[in-house]
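In my numbering, the protein residues as written are 20 to 218. What follows is a short report on a single structure.
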Amino acid sequence: MPQGQPTVVPDDGLTTRQRRNRPLVFVHTGPGKGKSTAAFGLALRAWNQGWPIGVFQFVKSAKWKVGEENALKVLGASGEGGSVAWHKMGEGWSWVQRDAQLDNEQAAKEGWEQVKRDLAAETHKLYVLDEFAYPMHWGWIDVDEVIEVLRDRPGTQHVVITGRNAPEKLLEFADLVTEMTKVKHPMDAGQKGQRGIEW
Numbered sequence: 020m021p022q023g024q025p026t027v028v029p030d031d032g033l034t035t036r037q038r039r040n041r042p043l044v045f046v047h048t049g050p051g052k053g054k055s056t057a058a059f060g061l062a063l064r065a066w067n068q069g070w071p072i073g074v075f076q077f078v079k080s081a082k083w084k085v086g087e088e089n090a091l092k093v094l095g096a097s098g099e100g101g102s103v104a105w106h107k108m109g110e111g112w113s114w115v116q117r118d119a120q121l122d123n124e125q126a127a128k129e130g131w132e133q134v135k136r137d138l139a140a141e142t143h144k145l146y147v148l149d150e151f152a153y154p155m156h157w158g159w160i161d162v163d164e165v166i167e168v169l170r171d172r173p174g175t176q177h178v179v180i181t182g183r184n185a186p187e188k189l190l191e192f193a194d195l196v197t198e199m200t201k202v203k204h205p206m207d208a209g210q211k212g213q214r215g216i217e218w
């Protein structure tokens, strides 16, 4: 199994094992496609390790049938890897349906309260907070509070946050930040999203 070698070993008083196993915060942001896809790929690895996984979808409609949801639920119920809990918080794409904004804002706040409860209880080992950058960007959820909660979370709980326009403070705090940049996309040529690719 390939193992990455760090270029710097900090003088932080931790052993190599302690440093290696410390819980991480990931952020997948940027205008390109693949932020959620990468997070769900990470969830597959976590499932294979037997970790309990909590997926919290912010903003996306509860009516959407997301392919990763079905796949991870089947895997979670298989008894072979980790368990999977899937929560949908939003009722639609709020930048399109502005009249539904208050409902979406309340759903996002309730979702964040559930995440905080689960973190305090150490319910999962991996949390996928899908599209969570949007509620912070829109000012629905306080970025400073998110950072404080994540900094103080107990145990070895990993958290991955996806979405465009992730706040700068969050990027500075996170352990791993990936920005997806768009070079080309079929929609630029007038092609709509398709089954098996977008969902």
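Just so you know, even glycine gets a beta-carbon here, dropped at the ideal spot from N, CA and C. Being a predicted model, the structure only gives us computed values, none of them experimental.
What residue does the alpha helix (DSSP H) around residue i start on, and which one ends it?
i	result
Glu198	It is not in any alpha helix (DSSP H) - Glu198 instead sits in the beta strand (DSSP E) that spans 195-198.
Thr35	35-39
Ile216	Looking at the DSSP string, Ile216 is not in any alpha helix (DSSP H), and its letter there is neither H nor E.
Asn184	From DSSP, Asn184 is part of no alpha helix (DSSP H); its letter is neither H nor E.
Glu62	One point to set straight first is that residue 62 is Ala, not Glu, in the sequence displayed. 54-67 is the span of the alpha helix (DSSP H), which, as asked, contains Ala62.
Arg170	162-170
Pro71	First-last for Pro71: undefined, no H or E at that position.
Met206	Counting along the chain, Met206 falls outside any alpha helix (DSSP H), and DSSP gives it neither H nor E.
Pro25	Careful: Pro25 lies outside any alpha helix (DSSP H) and carries neither H nor E.
Val93	86-96
Pro154	152-156
First and last residue of the beta strand (DSSP E) that includes residue i?
i	result
Ile180	177-181
Asp149	145-149
His47	44-48
Given a cut-off of 9 Å on the beta-carbon distance, is the pair residue i and residue j in contact?
i	j	result
Gly53	Arg183	no
Ala57	Thr181	yes
Val178	Val78	no
Phe59	Leu91	yes
Tyr146	Val134	yes
Glu198	Gly51	yes
Ala185	Met155	yes
Pro42	Gln176	yes
Would you mind sorting residue i into buried or exposed? The rule is 16 or more other CB atoms within 10 Å of its CB.
i	result
Glu87	buried
Ala140	exposed
Glu99	exposed
His19	There is simply no residue 19 to check, as the chain begins at 20 and stops at 218 in what is shown.
Ala62	buried
Ala96	exposed
Ala208	exposed
Gly130	buried
Glu150	buried
Given this structure, state the Cα-to-Cα distance separating residue i from residue j, to the nearest angstrom.
i	j	result
Leu148	Phe192	16 Å
Trp159	Arg172	21 Å
Leu33	Ser102	31 Å
Arg136	Ala104	14 Å
Leu138	Arg39	21 Å
Asp161	Asp122	18 Å
Thr35	Pro25	11 Å
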